[in-house]
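Notes follow once the structure below has been shown.
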Amino acid sequence: MTELICPVCGEVLTLTDRTYKCKSNHCFDTAKEGYVNLLTGSHKPGSETGDNKDMAQCRREFLSEGYFDALVRGIIEFIKEKALPRPVIADICCGEGYYGDRIKNEIDCEMLGFDLSKEMVRLAAKRKNGITYFVGNLSRIPLKDKSVDIALHLFAPFHEKEFSRIIKDDGCILNVVAGENHLFELKELLYDTPYKNDEKPPETAKLTLSQRRKITARVHLKSNRDIMALFKMTPYYYHTRDEDKAKLRNIDSLDITTEFVVFIYTK
Ligand SMILES: C[S@@+](CC[C@H](N)C(=O)[O-])C[C@H]1O[C@@H](n2cnc3c(N)ncnc32)[C@H](O)[C@@H]1O
Ligand SMILES: [Zn+2]
C-alpha cells in the first residue's frame, strides 16, 4: 500500500485504530465515512476552498447517469494500453469520485483520491470501493516522491511542482480539459454570442507534454433535472444572469456535444 505522508512535516503517517500519526505527533482522524482529513491550519476548508455541497450533489447526479461515459472509456483504454502490473493511480481533485470508481471497477490498481472539498470527498468515500480517500490540497499532496504511476487530473487547477514530484520517473499525468465544442448547444441556449473553449494545455516547464487525445461524443440529456445538474457543474452557472438562467426552465431534453482533450504529461 502506498503510504501517506504528513502534510506538515513530510514524515510517513502510520494508522493506529482510526488515527493517522507521524513521528512528530501530527494526528489526523478518519471520518466515519472512511476518509481522512489531512488539512491543517490555513488549509482548513471553508466556503471559498473547494466545491460546496450543492456542487458535489449535482456532479454526483449528473455523472452517475453515464453522460461522460466516452471520457471514462478513453481514460480506461489509455491505462490498459500501458499494461502496468497493479499501477498506483492518484485521482487528484477527485471530486465525488466518479472517475476513480469506474476505473477501479475495470482495472486492477491501487487507487487514491483526494480533493480540497470535504463535501466532495465525503460523497466519494461513501462508495466504499477500496479507494483511499483524503481531504487535501494539491499544493501539498501527502504522497511520497515518485510514488505514483498515473495521476488523473480532470477539470481542476494544475500544480506542476507537486505533479512532477509525486510521479515515478516513468509515470505520467493525465490532464483533461473541456474541448472547444464541449456543451456548445447549452451555451447557444443561454447566450447570444456563445464562445468555444480554447483547448489550451496547462503550461509547465517541469513536465513534457507527450500526447494529446481528443474525445467527442453526442449525448441526449433526458430531463430538465439533468440539464440543470450539468449547468450547475459548469463555471458558467456562477457567471450567468438570472434572466439567462431562466431560458433553461422549460427545456426538458437536449442533444448535446461532449468534448474532452486529454493531455498526457511525462517527466
Ligand atoms: C470541476 S471539479 C472536478 C472534479 C473531478 N475531477 C471531476 O471531474 O468530477 C474541480 C475540483 O477541484 C477541487 N479543487 C479546487 N482547488 C483545489 C485544491 N487546491 N486542491 C485540491 N482540490 C481542489 C474542487 O473542490 C473540485 O472538486
Ligand atoms: Zn508530521
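Mapping the sequence shown onto our numbering, position 43 (from 1) lands on 49, and the numbers just tick up by one. We put the beta carbon where it would ideally sit given N, CA and C, even for glycine.
Do you know how far the Cα of residue j is from the Cα of residue i?
i      : j      : result
THR8   : LYS110 : 16 Å
MET117 : HIS226 : 31 Å
TYR26  : SER216 : 37 Å
LYS174 : ALA96  : 12 Å
SER53  : ASP155 : Because SER53 sits at a pLDDT of 38, beneath the cut-off of 50, its placement in the model cannot be relied upon, and the following sentence gives the value as read from the coordinates. Looking at the two C-alpha atoms, the distance is approximately 32 Å.
GLU67  : SER30  : 41 Å
CYS15  : CYS33  : 12 Å
GLU191 : TYR243 : 15 Å
GLY22  : PRO93  : Looking at the sequence provided, one finds Thr at residue 22 rather than Gly. Cα to Cα, the separation comes out at about 26 Å.
GLU87  : LEU122 : 30 Å
TYR56  : ASP204 : Note that residue 56 is Gly in the sequence shown here, rather than Tyr. C-alpha separation (whole angstroms): 24 Å.
LYS228 : SER259 : 5 Å
GLU17  : ILE11  : 5 Å
LYS253 : GLY119 : 36 Å
TYR197 : ARG24  : 50 Å
Determine which residues share a DSSP beta bridge with residue i and list them.
i      : result
MET117 : ILE95
ILE179 : ALA157, TYR271
GLN217 : ILE270
ARG224 : THR263
Determine whether the beta carbon atoms of residue i and residue j lie at a separation below 8 Å.
i      : j      : result
LEU77  : PHE266 : yes
GLY103 : ARG133 : yes
PHE84  : LEU180 : yes
THR222 : THR263 : yes
PRO163 : LEU189 : no
Could you check where the beta strand (DSSP E) with residue i kicks off and where it finishes?
i      : result
VAL141 : 138-141
PHE34  : 33-35
LEU44  : Taken as a continuous stretch (DSSP letters only), LEU44 belongs to no beta strand (DSSP E), as it is neither H nor E.
Quick one: give me the first and last residue of the alpha helix (DSSP H) that residue i is part of.
i      : result
CYS100 : That residue, CYS100, is in no alpha helix (DSSP H); it is neither H nor E in DSSP.
PHE190 : 190-196
LEU129 : 124-131
Taking 8 Å as the CB-CB cut-off, is residue i touching chain C?
i      : result
ALA252 : In the structure shown, chain C cannot be found, because there is only a single protein chain.
**Report entry** Around ligand 2, Cβ to any heavy atom closer than 6 Å, ordered along the chain
**Finding:** Neighbourhood of ligand 2, defined by CB distance below 6 Å to any of its heavy atoms: CYS12, VAL14, CYS15, GLU17, CYS28, SER30, HIS32, in chain order.
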